[in-house]
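Asks: In the numbering used here, the protein residues as written are 7 to 162.
The beta-carbon is built from N, C-alpha and C at its ideal position, and this holds for glycine as well.
Bear in mind the structure is a predicted one, so any value in this text is a computation, not a measurement.
Here is the structure:
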């Protein structure tokens, strides 16, 4: 089992990427509170560790070339965020057959009865992320996000 902060990282980045994909190609404000939940700063105005970890995850996505933004809104949000071409391509791309089999066994079981366009859509990373978030399986979500983040580096 992964450390809890790594599981939170995968969940935060998955939610952020889904929000940006759903708005693509529009630029949107990406609020930490919408991803990690409400946060009340302490008496000194400092956010919780959880809030700051989520904010750090959003910044990491930008540093790794998966999103762009115009500015930060304090430590509350990214202003005018949008997916990069690299992120859009990865999210729209089909997942590996191994990942699809582990996440979507019912799709594989009924695959022949589905139209090819539907089968292709159900095999994309973005669909698998959405379904995994909906089901609430943190271990499966970790596998999906690892494939998205590290797929290219694992091939070399």
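Just to confirm the assignment, what range does the beta strand (DSSP E) spanning residue 130 have?
Replies: Careful: residue 130 lies outside any beta strand (DSSP E) and carries neither H nor E.
Asks: For residue 13, which residues from the same chain have a beta carbon less than 7 Å from its beta carbon, with the 5 sequence-adjacent residues on both sides left out?
Replies: 144 and 148
Asks: Please report how far the alpha carbon of residue 21 lies from the alpha carbon of residue 150, in whole angstroms.
Replies: 13 Å
Asks: Using only the alpha-carbon positions, how far apart do residue 155 and residue 132 sit?
Replies: 13 Å
Asks: Considering just the uninterrupted stretch of the beta strand (DSSP E) at residue 2, what are its terminal residues?
Replies: Outside the shown range of the chain (7 to 162) lies residue 2, about which nothing can therefore be said.
Asks: Starting from the C-beta of residue 41, find all residues in its chain whose C-beta is less than 7 Å away, skip the five residues before and the five after it, and write them out in chain order.
Replies: 18, 21, 22 and 60
Asks: Does the distance from the C-beta atom of residue 82 to that of residue 34 stay below 8 Å?
Replies: no
Asks: By the three-class DSSP mapping on this structure, what secondary structure does residue 161 have?
Replies: With a pLDDT of only 42 at residue 161, under the threshold of 50, the placement of this residue in the model should not be trusted, and no figure is reported.
Asks: Determine the DSSP secondary structure at residue 80, reduced to helix, strand or coil.
Replies: coil
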